[in-house]
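>
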Amino acid sequence: MAAYLLKRLLLIVPTIFGVMLVTFAIVQFAPGGPVERMMAKITGTDASATSRIDGSGDSMASTQPQGSDAASAYRGAQGMEKEWIDKLNKQFGFDRPAHERFFLMLRNYLVFDFGNSFYGDVPVLQIIKEKLPVSISLGIWMMLLTYLISIPLGIRKAVHDGERFDTWTSTVLVLGYAIPGFLVAVFLLVVFAGGSFVQWFPLRGLTSDNWSELSLLGKIGDYFWHLALPLTAMSLTAFTTMTFLTRNCFLDEIRKQYVLTAKAKGLTQSKVLYGHVFRNAMLLVIAGFPGAFIHAFFTGSLLIEYIFNLDGLGLLSFESAIARNYPVVFASVYILALIAMGMNILSDFIYTLVDPRIDFETREV
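Under the numbering used here, the residues of the sequence shown are numbered 24 to 388, in order.
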């Protein structure tokens, strides 16, 4: 396992290089940029990627490279002194060639130096640290709820396949899956957060204004009180996916010959399920762990964070991309890629714990 782990760790370097190279290249050809946005504010024009279209319908920015050439070609720059444009390019780091900026970024990222935000001149690492509590809270508790509820439910559905319990739970899960999470979030706000009916839950944030004055139990209760509605809205889709995945995996294993042999030897259903079937059926569930983890921490929480006024990494990444705040965008991608690869390695370790017969040493990475 040690040799396999070393190979996976060494693969992180070229993988990160490729991810950052593709992201950097996309940004170079993306319309707009921080320089154009700054000039738009000065000239009173709109420099957003969706509005910079002239009367003829041709894009004014889609073919412009980033840097001084883009700034000088931007129509909003007409009438502005070249010295001022050059000053803006230097301020945002676009006075250097693209390849030089890319390798400088990689060198700094190796020591987790993400620089400062384009807007506010605040260290990017500080911004990310401020958003982490929200994303960690939503991600960890959603993962725990999903796995602790969906796996036992999926096993029971497999055992009672085709019976009334399996039928009505499947109906409920499918209905929950069909309703988008953001609609559930809006519904919960309207009904339970003072929209039109009762106000049992807060509208925003992870804690109340008087959180520091509460006792330990009061703080814990207040924390989960704020998380109740966002977690409910986020978990419906995840519950359905994980439950049906577990059910189908267990059904596939239950129908195999070795299960019939174990039952014929007199083993109880509990010993058959958890002593023989579990380790084989759980392999596919574990394979989906990295994707579910990333979804819970980042991509799945964007709309929920927006609706419930929770300032986390999902919302930060989206707003940074819209504002062309490239240091925050690149740092988010870099951290997300590292976490994703770490989760893949962790899932391999869980594989070996669930089924010791798996030997990654004899497998090509």
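Cβ coordinates follow ideal geometry from the N, Cα and C atoms, glycine included.
Kindly identify the DSSP beta-bridge partner or partners of Ala216.
According to DSSP, Ala216 bridges with Gln222.
> Taking only the alpha-carbon atoms, compute the straight-line gap between Met165 and Asn131 and give it to the nearest angstrom.
Rounded to whole angstroms, Met165 to Asn131 spans 33 Å at the Cα level.
> From Leu211 to Val221, what does the alpha carbon distance come to, in whole angstroms?
Cα to Cα, Leu211 sits roughly 10 Å from Val221.
> Please state the DSSP three-state secondary structure of Asn139.
Note: Asn139 maps to strand in three-state DSSP.
> Expressed to the nearest angstrom, what Euclidean distance is found between the alpha-carbon atoms of His183 and Leu226?
Rounded to whole angstroms, His183 to Leu226 spans 40 Å at the Cα level.
> Between which residues of its own chain and Tyr357 is the CB-CB distance below 6 Å, once the five residues before and five after are set aside?
Excluding sequence neighbours, Tyr357 sits near Tyr132.
> On a Cα-Cα basis, can you pick out the residue from Phe341, Ala181, Gln51 that is closest to Ala121?
Of Phe341, Ala181, Gln51, the residue nearest in Cα terms is Gln51.
> With a threshold of 16 other CB atoms inside 10 Å of the CB of Asp144, please say whether the residue is buried or exposed.
Under this definition Asp144 is an exposed residue.
> Among Pro253, Lys279, Thr284, whose alpha-carbon lies nearest the alpha-carbon of Gly204?
The candidate whose alpha carbon is nearest that of Gly204 is Pro253.
> Quickly, what does DSSP pair Pro146 with across the bridge? List them, please.
Paired residues: Asn139.
> Which same chain residues end up closer than 6 Å to Leu168 when comparing Cβ atoms and leaving out the 5 residues on each side of it in sequence?
Once the five neighbours on either side are set aside, the close Cβ partners of Leu168 are Ser258.
> Please list the terminal residues of the continuous alpha helix (DSSP H) segment that includes Ser258.
Looking at the DSSP string, the run of the alpha helix (DSSP H) that includes Ser258 is 239-277.
> Quick one: what does DSSP say His183 is sitting in, helix, strand or coil?
Coil at His183, not helix or strand.
> Roughly how many whole angstroms lie between the Cα atoms of Leu359 and Ile202?
Computed Cα separation, rounded: 28 Å.
> Take Val213 and list the residues in its own chain whose beta-carbon comes closer than 8 Å to its own, dropping the five residues that flank it on each side.
Result list for Val213: Ser219, Phe220, in chain order.
> Could you tell me how far apart the beta carbons of Lys154 and Leu336 are, in whole angstroms, since I believe they sit closer than 8 Å?
Right, the Cβ-Cβ distance comes to about 5 Å (below 8 Å), so this counts as a contact.
> Quick check: the Cα distance between Ser193 and Val351, rounded to an integer number of angstroms?
Cα-Cα distance, rounded: 42 Å.
> Which residue from Leu161, Pro146, Asn332, Asn271 puts its Cα closest to that of Pro175?
The shortest C-alpha separation from Pro175 is found at Asn271.
> Could you say which of Glu342, Glu328, Tyr281, Thr375 lies nearest to Pro156 if we only look at CA atoms?
Of the candidates Glu342, Glu328, Tyr281, Thr375, the one whose C-alpha sits nearest the C-alpha of Pro156 is Glu328.
> Determine whether the beta carbon atoms of Phe141 and Tyr297 lie at a separation below 8 Å.
Not in contact: Phe141 and Tyr297 (Cβ atoms no closer than 8 Å).
> Taking the alpha carbon of Arg278 as the point to measure from, which residue in Thr255, Met43, Ala256, Asn303 has its own alpha carbon closest?
Selected option, being the one with the closest Cα: Asn303.
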